[in-house]
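Trainee:
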Amino acid sequence: MAGLAVAIECEGLGLTYTAKTGTAVNALDNVRCRFVPGQVTAIIGPSGCGKSTLLQIARGFMTPTQGRLRYVSLGGTDAPAPAMATVWQAFNLFPWRSVLANVAFGLELAGVPRAEREARARKALAKVELSGFEDKFPRQLSGGMRQRVGIARALVMEPDVLLLDEPFGALDAQTRLVLQEQLAQLVETSGTTAILVTHSIEEAILLADSILVMTARPGRIAAEIAVDLPRPRTHATTHEPAYGALFDRIYGLLRDEVVRAMTTEGADA
Ligand SMILES: Nc1ncnc2c1ncn2[C@@H]1O[C@H](COP(=O)(O)OP(=O)(O)O)[C@@H](O)[C@H]1O
Ligand SMILES: [Mg+2]
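Just so you know, we're using my numbering here: the sequence shown kicks off at 1117 and counts up by one.
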């Protein structure tokens, strides 16, 4: 990590998509939040509430139609965008490239010489406990291992901010549990700034310092909840009373929004 201490601030962000047919979809409305350097912020909310859209705006890939996004230095002045890398849910690895070549791909695009990019890719693979799998191909790996390659591919870029969009959504429950613990350990030891979109309350509590709960579309921030459970957090954390209280509070906020999303889904999409 380059150690750039830049906060990402959303100041009343709104985003309205206009479909080819001319129909407008109001995805985000008046979103106010702040992603703090060195912290893990989880975003949780019903399907279709604008979580991925918010990540795209934070990354600078989309311009809000309302409000503004700011990158802010510790002193409060505008700063250049921090370096960001994204881990997607889909295992979009290149099937014809080895694990090592998949992880090194971003560095290759950036023109990093072969010896250096391979050394850095090996280091990133070690962080996700995949040393020894460098020469394998994606098809030879389990789903959980492929997703760890996806994480290594983001880590190798040494981003200031790691963006994770439902990274474990496609995995079976047991694999997800193990990867959640491993990712929790990784962020604890590295002090990474991360924004994690998830639909799992458990994942949000295990990993985050702060949880943003979103409303059904148009997505707004319903609550920001600080997670002050001690680290390291593991599956055993889920048996603690403080965990249960947090879970209930978040579920209470989410439940009504999920029901609302279910009953309005597609109504104006
Ligand atoms: N390119 C697009 N054109 C029109 N509507 C879109 C587009 N992308 C997303 N949407 C709509 O915007 C809303 C928010 O999408 P998204 O950010 O992907 O939600 P989430 O990630 O929370 O599931 C959804 O209703 C989705 O259908
Ligand atoms: Mg999404």
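By construction, the Cβ of each residue, glycine as well, lies at the ideal position given by its N, Cα and C atoms. Computed from a predicted model, the values in this text were never measured in an experiment.
Is the beta carbon of Gln1172 less than 9 angstroms from the beta carbon of Ala1286?
Mentor: no
Trainee: Cα separation between Thr1305 and Ala1324?
Mentor: 14 angstroms
Trainee: For Asp1288, count neighbouring Cβ atoms within 10 angstroms of its own Cβ and tell me buried if that reaches 16, exposed if not.
Mentor: exposed
Trainee: Among Gln1296, Ala1338, Val1313, which has the Cα closest to the Cα of Thr1350?
Mentor: Here the closest residue by C-alpha is Gln1296.
Trainee: Which term fits Ile1327, buried or exposed, when burial requires 16 or more other beta carbons within 10 angstroms of its beta carbon?
Mentor: buried
Trainee: Counting only runs that start and end within the region 1332-1364, where is the alpha helix (DSSP H) found for 4 or more residues in a row?
Mentor: Correct list: empty.
Trainee: Check whether the Cβ atoms of Pro1153 and Asp1276 lie closer than 9 angstroms to each other.
Mentor: yes
Trainee: Terminal residues of the continuous alpha helix (DSSP H) containing Thr1169?
Mentor: 1167-1175
Trainee: Which complete alpha helix (DSSP H) runs does the region 1242-1276 hold, if anything under 4 residues is left out?
Mentor: The qualifying runs are 1259-1271.
Trainee: Contact check, Glu1373 vs Ala1338 under 8 angstroms by CB: the rounded distance?
Mentor: About 7 angstroms; that satisfies the 8 angstroms criterion.
Trainee: Starting from the C-beta of Ala1197, find all residues in its chain whose C-beta is less than 8 angstroms away, skip the five residues before and the five after it, and write them out in chain order.
Mentor: Val1122, Gly1176, Tyr1187
Trainee: Tell me whether Lys1239, by its Cβ, gets closer than 8 angstroms to a heavy atom of ligand 1.
Mentor: no
Trainee: Residues in its own chain within less than 8 angstroms of Leu1369 by CB, not counting five upstream and five downstream?
Mentor: Val1329, Ala1338, Ala1339
Trainee: Tell me whether Phe1151 sits in a helix, a strand or coil according to DSSP, three-state version.
Mentor: In the structure shown, Phe1151 sits in a strand (DSSP, three-state: E or B).
Trainee: With 16 other CB atoms within 10 Å as the buried threshold, where does Pro1357 fall?
Mentor: exposed
Trainee: Have a look at Leu1241 and Pro1229 and give me their C-alpha separation to the nearest angstrom.
Mentor: 18 angstroms
Trainee: Express the C-alpha separation of Ile1124 and Ala1174 in angstroms, rounding to a whole number.
Mentor: Each residue's alpha carbon lies about 7 angstroms from the other.
Trainee: Mind checking who Met1200 pairs with in its DSSP beta bridge?
Mentor: For Met1200, which the question treats as bridged, DSSP gives the partners Val1277.
Trainee: I need the straight-line Cα distance from Ala1385 to Ile1366, nearest angstrom please.
Mentor: Note that Ala1385 scores 44 on pLDDT, short of 50, meaning its location in the model is unreliable; the coordinates nonetheless yield the value given after this. Rounded to the nearest angstrom, the two C-alpha atoms are 27 angstroms apart.
Trainee: Rounded to whole angstroms, what is the Cα-Cα separation between Glu1250 and Glu1127?
Mentor: Their backbone Cα atoms lie some 43 angstroms apart in a straight line.
Trainee: Can you tell me which of the three DSSP states Ala1231 falls into?
Mentor: helix
Trainee: I'd like to confirm the pairing. Which residues does DSSP put opposite Met1330 in its beta bridges?
Mentor: Ile1337
Trainee: How far does the beta strand (DSSP E) with Leu1129 in it extend, from its first residue to its last?
Mentor: 1122-1134
Trainee: DSSP on Ser1163, reduced to helix/strand/coil?
Mentor: coil
Trainee: Can you find at least 3 beta carbon pairs, one from the region 1259-1279 and one from the region 1130-1145, that sit closer than 8 angstroms?
Mentor: The count of Cβ pairs closer than 8 angstroms, one atom from the region 1259-1279 and one from the region 1130-1145, stays below three, leaving the stretches out of contact.
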